[in-house]
Amino acid sequence: MNSQAPEIQVNKPISRWPICEMLLRGTYGTGTPAESRLILRSRIVFGVVLGWAILGRESHAHPNPVTRVITVFLPAVLCSYYAFEKRKYFLSLDELTQRIELEGMAWAYSLGVLAALWAGGICYALALRWPLDASLLSWRLFFLFAIALAAIKGIYRYFATRRY
Amino acid sequence: MKNELRVLRARHNLTQGELAEQLGVSRQTINAIETERYDPSLPLAFKIAHVFECRIEDVFFDSNGDQRG
């Protein structure tokens, strides 16, 4: 290859990432079938969550064992399903977008643990200051959340290393 | 890592979108490689060299020691 300055002049197009889709949907505007699938499935999940919220209000007004069970388990089931769909979408992305997603997850994890520890510490300090206020005694939850996140990451790391 | 991707693309009359489609990546990935903000994986680098029918070192070269042939 000629090491001199190239004679062909090419415009430098700017990157133009789809900001709106990235912020609102969490997708990259690739227009692939995997992205369309994720958008459709997330709309379904959102619709069911809306129904769940309405049902939750109704079940609160009229206690019914069946609707109560649904309101307890539905959010977890929906979140699991959305995570499953999101994973499929992640695997369909190209290497740069996968790297961006991984960087985002790494920062979300690190900042999540940090925020939980800070919140736990602050709530603990407040609980010591006003020991009779029961609403401030939930500081343990923040620490448990941080420990749970770290434990999940540790377990995943263990299984991930088995692949290499 | 420096590269000649923009020049090669222009020589082959390809837009970023067309090249991205051939390689199975997003247009933003091609732009990031051209602007040297992202170094592609080895399989993608080989794919790029294959599209332009040249050696991988004709497309990518070390930014410190200019090793273009």
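Same order as they appear, the protein sequences are chains A and B.
Taking the working numbering, I'd label the letters of the first sequence as residues 20 to 183.
Taking the working numbering, I'd label the letters of the second sequence as residues -8 to 60.
Built from N, CA and C at the ideal position, the CB exists for glycine as well.
Because the structure is a prediction, the values reported are computed rather than measured.
- Taking A/Leu168 as the centre and dropping the five residues before and after it, the same chain places the C-beta of Tyr128, Gly131, Val132, Ala135 closer than 8 Å to its C-beta, in chain order.
- With respect to the C-alpha of A/Pro94, the residue from A/Leu69, A/Arg148, A/Ala53 having the closest C-alpha is A/Leu69.
- B/Phe43 sits in coil when the DSSP states are folded into three classes, being neither helix nor strand.
- A contact is defined here as three or more CB-CB pairs under 8 Å, and the segment 105 to 122 of chain A meets this definition with respect to the segment 19 to 26 of chain B.
- DSSP places A/Arg106 inside the alpha helix (DSSP H), whose first and last residues are 84 to 111.
- Under the 8 Å criterion on CB atoms, A/Trp36 is classed as interfacial with respect to chain B.
- Of the residues A/Glu104, A/Arg159, A/Thr86, the one whose Cα lies closest to the Cα of A/Leu59 is A/Glu104.
- Contacts between B/Gln13 and chain A, judged by CB atoms closer than 9 Å, are missing: the closest CB pair is about 13 Å apart.
- With a cutoff of 8 Å on beta-carbon distance, A/Trp71 and A/Thr86 are scored as not near each other.
- The alpha-carbon separation between A/Glu54 and A/Arg76 amounts to approximately 33 Å.
- Residues of chain A whose Cβ lies closer than 7 Å to the Cβ of B/Ser32 are, in chain order, Glu114.
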